[in-house]
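Here's the structure, in structure tokens; my notes come after.
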Amino acid sequence: DTGVSQDPRHKITKRGQNVTFRCDPISEHNRLYWYRQTLGQGPEFLTYFQNEAQLEKSRLLSDRFSAERPKGSFSTLEIQRTEQGDSAMYLCASSLTIGFSNYEQYFGPGTRLTVT
Amino acid sequence: DQQVKQNSPSLSVQEGRISILNCDYTNSMFDYFLWYKKYPAEGPTFLISISSIKDKNEDGRFTVFLNKSAKHLSLHIVPSQPGDSAVYFCAASGGGSQGNLIFGKGTKLSVKP
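One line per chain: the protein sequences are D and L, in this order.
Heads up, the first sequence stops at 116 in this note's numbering, and the numbers go up one at a time, no gaps.
Heads up, the second sequence stops at 113 in this note's numbering, and the numbers go up one at a time, no gaps.
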């Protein structure tokens with residue numbers, strides 16, 4: 001198993017364009033999370049999926065953001081009409097979580113988004 | 001309002017000595033705590049965790065201590081090595097949300113040879 005992978009690693013886009021990021025979790029993990037990290041801050045939660053169901057969304061996730069996990073495997077995060085404030089590192093994580101037990105989350109390398 | 005606080009932005013330690021990184025939290029409903037290490041341009045790497053039913057967990061050179069009454073946890077690294085130089089994040093989960101981790105802002109550890 002190669003761990004959590006994310007693509008692309010870097011994305012530069014102009015303000016107003018749409019971007020889409022992909023995350024492939026660890027294969028047996030049922031939960032997939034998206035976080036955003038800006039300079040000097042810790043990762044901030046955006047949303048998470050259990051299998052294909054999106055169970056929680058942060059208030060940070062504005063209407064311009066949408067995430068999917070159509071078959072319970074990989075996930076995509078789309079940002080429409082990007083703004084300069086969207087510039088950040090977007091991190092994906094996965095975990096194997098059973099019931100309400102807590103398990104560690106494993107992170108991918110992140111996608112660095114720069115909006116010019 | 002920050003629910004997980006790491007009040008020391010940086011820490012410098014001599015190789016071979018103990019590194020102690022601290023973390024405070026405000027939500028008494030948190031029931032699981034984790035430490036992650038992050039190198040530049042990489043995602044956070046899981047180090048060690050502790051459940052609220054314990055007060056100590058060890059894994060090799062890393063030990064996490066939890067003081068629930070003080071809402072405080074700490075990560076001890078003994079002995080510290082230059083390769084430990086990174087940003088360390090404290091995170092917590094529970095408190096009404098089963099899904100996400102709440103992170104502190106991180107402490108940059110520098111271990112000098």
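The beta carbon of each residue, even a glycine, is placed where N, CA and C say it ideally should be.
Check the C-beta distance from residue i over to residue j and give it rounded, since I have them as a contact under 8 Å.
i      : j      : result
F134/L : I50/L  : The structure shown does not extend to residue 134/L, since chain L is modelled only from 1 through 113, so no value can be given for it.
T162/L : K56/L  : The structure shown does not extend to residue 162/L, since chain L is modelled only from 1 through 113, so no value can be given for it.
S10/L  : K108/L : 4 Å
R69/D  : E44/D  : The Cβ separation is near 20 Å, so there is no contact.
Taking DSSP as the reference, what is the three-state secondary structure of residue i?
i      : result
G85/D  : helix
G106/L : coil
G94/L  : strand
D84/L  : helix
T26/L  : coil
V19/D  : strand
N67/L  : strand
H29/D  : coil
S8/L   : coil
Y103/D : coil
A67/D  : strand
With distances taken between CB atoms, is the gap from residue i to residue j smaller than 7 Å?
i      : j      : result
S110/L : S85/L  : yes
N22/L  : S74/L  : yes
T20/D  : T76/D  : yes
G43/L  : G108/D : yes
Shortest alpha-carbon distance to residue i belongs to which of the options?
i     : options                        : result
G16/L : I77/L, N100/L, V87/L and Y88/L : I77/L
Y48/D : T116/D, T2/D, T114/D and N30/D : N30/D
S73/D : R15/D, H10/D and R22/D         : R22/D
L55/D : P25/D, L32/D and I79/D         : L32/D
A93/D : Q17/D, R81/D, Q50/D and G40/D  : Q50/D
I48/L : K37/L, D31/L and E42/L         : K37/L
Note down, in chain order, all residues in the region 17-50 of chain D with a beta-carbon under 7 Å from any beta-carbon belonging to chain L. Residues passing the 7 Å Cβ filter: Y33, G40, Q41, G42, P43, F45 and Y48.
Give me the subset of the region 102-116 of chain D whose CB atoms are less than 7 Å from a CB atom of chain L, sorted by chain position. Going along the region 102-116 of chain D in chain order, one finds N102, E104, Q105, Y106, F107, G108, P109 and G110 with a Cβ nearer than 7 Å to chain L.
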